[in-house]
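These protein sequences, in sequence, are chains L and X. Using full-length UniProt numbering, read the first sequence as starting at 1 and increasing by one per residue. Using full-length UniProt numbering, read the second sequence as starting at 1 and increasing by one per residue. The beta carbon of each residue, even a glycine, is placed where N, CA and C say it ideally should be. Reading through the C-alpha cells given below for one structure.
Protein chains: 2
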Amino acid sequence: MARPTMEDVAARAGVSRALVSLVMRGSPKVSDQRRAAVLEAAGELGYSPHAMARSLASRTSHVLGVMVSDLHNAFFAEVVDGLDAVAREQGFELIINTGGRSPARERKALESLLSFRPAGLALLSPVVPSAAIKSAADQTSVVLVARSSRLSTVDTVNDDGGRGIGLAVDHLVSLGHRRIAHLDGGEGTQAAPRRRGYLTAMAAHGLEPRVMSSEYTDAAGAKAVRELLGRSGMPTAIVSCNDFNAVGAISALEDAGYRVPQDISVVGYDNTSLAALRHVSLTTVDQPRNEFGRLAAEALLQRVRGERAEPVRHLLHPSLVVRGTTAPPTTSPR
Amino acid sequence: MARPTMEDVAARAGVSRALVSLVMRGSPKVSDQRRAAVLEAAGELGYSPHAMARSLASRTSHVLGVMVSDLHNAFFAEVVDGLDAVAREQGFELIINTGGRSPARERKALESLLSFRPAGLALLSPVVPSAAIKSAADQTSVVLVARSSRLSTVDTVNDDGGRGIGLAVDHLVSLGHRRIAHLDGGEGTQAAPRRRGYLTAMAAHGLEPRVMSSEYTDAAGAKAVRELLGRSGMPTAIVSCNDFNAVGAISALEDAGYRVPQDISVVGYDNTSLAALRHVSLTTVDQPRNEFGRLAAEALLQRVRGERAEPVRHLLHPSLVVRGTTAPPTTSPR
DNA sequence: CTACAGCATTGGAGCGCTCCAACAATAGTG
DNA sequence: CACTATTGTTGGAGCGCTCCAATGCTGTAG
C-alpha cells in the first residue's frame, strides 16, 4: 500500500530528488540520458507524483472544484462533460461534490471543496444565498452555471430562457396556432425568464397570453392540464416549462381523450433524454449544455492564469428541436 | 485570495501552532479558555484547515475517490448519494471523477484519483481490465459496484440480476402468462446473469424460453419487437433487459396495434425515473441503488480502519415494482 | 592557460499541517 | 515537603514535493 516517493526514484536512478522533480514536470533542461534513467526508475517502482504534496509545495493548484446541485439531473452530467474536457486538456483535474439542492448541505459541500484550495470553483445551479457565493469568491475564482449573479467577482454562464421559449412560441405560431398556453415553473430556477419570454413572444405576435401556474414535475404538468380542461377556451397548443412537465401534460391530455399532436400540440424545454425516446418524441428546446461546461471551464482558467479580472457573462442561445408532439391545429381557427 | 494559515490563527489567539492544531482536530485535552480563544481568532480570520497539508502531514487521507463510469446514467447518481451519506457521516470527503465508459479515459481517471492518495476507491461499473483494478488495489482499498471480480483484495457490491428477472417471470406466471419472451442485453453489463435468470425461472415453471437478442436502448427494444411480430406465436408477455429497452418495446407494440397491458404485458429492469412517469408507468425491477452506495462506503471504511482484510461480496436482492404495464393475459390461453 | 559563459544538476529551505517528546504547572501521595 | 502523576502546552522534525541559489562541468574566447 505504501507508494514510492520522489526520493526512492532519485536513489534508484542515481540522481537527486530535484532532478526527478524536473523530469516529472517535463522540464526541457534535463539531459536525455538522465531523463531516460529517471523515467525508467519511476516505471519500475510504479511511481506517480503525489498531487497534494505537489500543490502544497508549489502553492498552486491544478484542481477545479465542481459543485453539482443535483446529480440526478442529467442536465448537469453534460455540463460536467464540457468542464471535464476543457480542464483535462489544460492539465487540470476536476473534483466533484454534490449539494442535493439543500442550502445547508450545499454550504458544507462548498466548504469541503474550498478546503482543497482549488484553483477555481464551478457552481452548477447553486441554491446557497448570494453571500455564500461572495465569500467563496473571496477565496478562489468562481463561475456560476445556470444561475445569475450581480457579483463583480464571479463569472456566469446561462442560457437565454426567454429566447428559448420565444422559439417555441414562434414555432407554434408558424404552424398556425393562436391559442397557446404556458405551464410555468413556479419558483424553480429559470422559471421567471421563461415566463417572461412567453409573455414577450405572445405580445410580439399580438396574441392573448395564458399562464397556468405549475412546476417542474410530470405530476404538476398533469394537474395544470386538468385545471385547463375544467375551463372554457381550450388552447390548441401548450408550452411547458420543462420536459417532465410536458410529459405529464401529454399524459393528462391523452387521458381526457385528446390526441397529441392532432388535437393539441405540446412543447417541452431542456431536451432531456426522455424527450428523445421514440415513445415520447417531444418537441422541445435544447440548451447547449456541453458548451455551458466548456465556457465555464474557460472562464475559470482565464481567471486562474490572471488573463482577466472583469467578470464575464455568457448568455447562450438555445435551439428548438422539432419532434412529434407539434403539428398545425385542426379546423376551428378561433 | 490568500487564506490565513494555522500560524496566523495561533498568533492572533496568543498560543502555539500546535495548540491550534489540537483545537481544529477537536482534541479533548485543551482548556476551555484557550479553545474559545482559538475558535474566536479562527472565526475572525475566516480560517479553515488546508485539507491537503493536513493529509500530507498526517499521512492519512479522509478522501474517498469515486470513479463513475457514466455520469449520464441516473443509476449512479443514487449510488453516489449512498456513498456520500455514509462517507460524510464518518468524516470522509468524496472526490468524483468520470471515465465516460472508455477504458483509456477511465484509466486516466483512475490515475488521477490515485494521485490524491485517497483512503479508498469506489469504482462504479468500471470497464477497465481486471489488471488495472488489481494495480489500483495494490495502492489503496478498492470496492467495485455493479461489477464482479475474483480479486482477493477488492470488495464487490452487486445486485442479483438473475433473481431480479426471476421475480419478473414469477409475477407474470402468477398472472397467468405462459408465453413469456426475454429481450436480452447482449454484451451489456449484467446482461448475462439476467439472461440466465430468465432461463432458470422459465425452466422452474416448466415453460419454453424464448430469448430475443437485443440491447440496452429503446431503439433496440423496438427492433426486437418488430422481429417478434414477424414470426409466429406472439408471446403474451415480454421481460426486457432494462427500462429503456422496455419503453422501446412498448412503443413498437403500440405502433403495431397491440395495447399494453391488455394485449401484452411488459416488464422492465432498473426502476429508472422514466419507469415512474405516469405516462409510462412501467412494471419493473428495482435495484437498491442507495444501498449499493452505502454498503460500498462501509466496505471501504472497514478496510481503511483495518477492521477487515478478507474480501466481502455483497449480492443484494432486487425487488419488483408493479405498475401499469402488466395484467393477466386475455382469452386464448395457448 | 586563465576567464567566463552557458548549461545541467544539486542541496537546502519551506509550503501548512500533524505528531511526538519534552516541558511547565498543578494536583495527589506517603 | 520532596516525589510522582496528571493535565495542558509547546518547539521541532518531517510528510512529499517545488523552487531557488549555488554548484560543477564543459566549451569557447582572450
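- For the segment 134 to 182 of chain X, the continuous alpha helix (DSSP H) assignments of 4+ residues that do not extend past its boundaries occur at 161 to 175, in sequence order.
- In the three-state reduction of the DSSP assignment, I264 of chain X falls in the coil class, being assigned neither a helical nor a strand state.
- In terms of Cβ geometry, G221 of chain X and S281 of chain X do not form a close pair [threshold 8 Å].
- For V285 of chain L, no chain X residue has a C-beta closer than 9 Å to its own C-beta; the minimum C-beta separation is roughly 19 Å.
- For E40 of chain X, the CB contacts under 8 Å within the same chain, skipping 5 residues up- and downstream, are A13 in chain order.
- Apart from sequence neighbours up to five positions away, the residues of its chain that approach G65 of chain X with a beta-carbon distance below 6 Å are I95, L113, P118, L121, ordered along the chain.
- T200 of chain X is positioned such that its CB atom lies no closer than 8 Å to that of G248 of chain X.
- Under DSSP, D270 of chain L forms a beta bridge with L:D286.
- Chain-ordered, the chain L residues with CB closer than 9 Å to the CB of N97 of chain X read D84, E93, L94, I95, I96.
- DSSP places N242 of chain X in the coil class of the three-state scheme, outside both helix and strand.
- Comparing alpha carbon positions, the residue from L:V173, L:V23, L:R17, L:E187 closest to V127 of chain L is L:E187.
- Your pair R195 of chain L and V211 of chain L checks out as a contact, with CB atoms roughly 6 Å apart and the cut at 8 Å.
- Between L300 of chain X and S141 of chain X, the beta carbon gap of about 5 Å places them in contact (Cβ cut-off 8 Å).
- Look at S61 of chain L here: in three-state DSSP terms it is coil, with no helix or strand label.
- No residue range can be given for E208 of chain X, since it is assigned to no beta strand (DSSP E) and is classified by DSSP as neither H nor E.
- Taking the Cα positions, G164 of chain X is about 35 Å away from T284 of chain L.
- Per DSSP, the unbroken beta strand (DSSP E) holding R313 of chain X starts and ends at 313 to 316.
- In the assembly as shown, L315 of chain X is an exposed residue. Its beta-carbon has fewer than 16 other beta-carbons within 10 Å.
- At the C-beta level, H72 of chain L and A2 of chain X stay beyond 8 Å of one another.
- The C-beta separation of D138 of chain L from Q287 of chain L comes to about 30 Å, leaving the pair out of contact by the 8 Å criterion.
- Separation of S319 of chain L and T326 of chain L (C-alpha to C-alpha, rounded to the nearest whole angstrom) is 16 Å.
- Scanning its chain for C-beta atoms nearer than 6 Å, with the 5 sequence neighbours on each side dropped, one finds around M6 of chain L the residues R17, V20, in chain order.
- The residue among X:G100, X:R88, X:G99, X:L124 with its C-alpha nearest the C-alpha of A109 of chain L is X:R88.
- One Cα belongs to D263 of chain X, the other to V157 of chain X, and the distance between them is close to 38 Å.
- Apart from sequence neighbours up to five positions away, the residues of its chain that approach S251 of chain L with a beta-carbon distance below 6 Å are A222, ordered along the chain.
- At a Cβ-Cβ threshold of 8 Å, L183 of chain L and S214 of chain L count as neighbours.
- Here DSSP, grouped into helix, strand and coil, assigns E307 of chain L to coil.
- Contact between S240 of chain L and V260 of chain L does not hold, since the beta-carbon distance rounds to 12 Å and is not under 8 Å.
- About 10 Å separates the beta carbon of L144 of chain L from that of M67 of chain L, a gap too long to meet the 8 Å contact definition.
- Interface flag for E111 of chain L against chain X is set, since a Cβ pair is found closer than 8 Å.
- Under the three-state reduction of DSSP, T200 of chain X is assigned to helix.
- Under the Cβ distance rule, D218 of chain X counts among the residues neighbouring chain L, one pair being separated by less than 8 Å.
- Residues of the UniProt domain "HTH lacI-type" (4 to 58) of chain L that bring their beta carbon within less than 9 Å of a beta carbon in chain X comprise G46, S48, P49, H50, A51, M52, A53, R54, S55, L56, in sequence order.
- Taking a C-beta cut-off of 9 Å against chain L, none of the residues of the segment 177 to 208 of chain X qualify.
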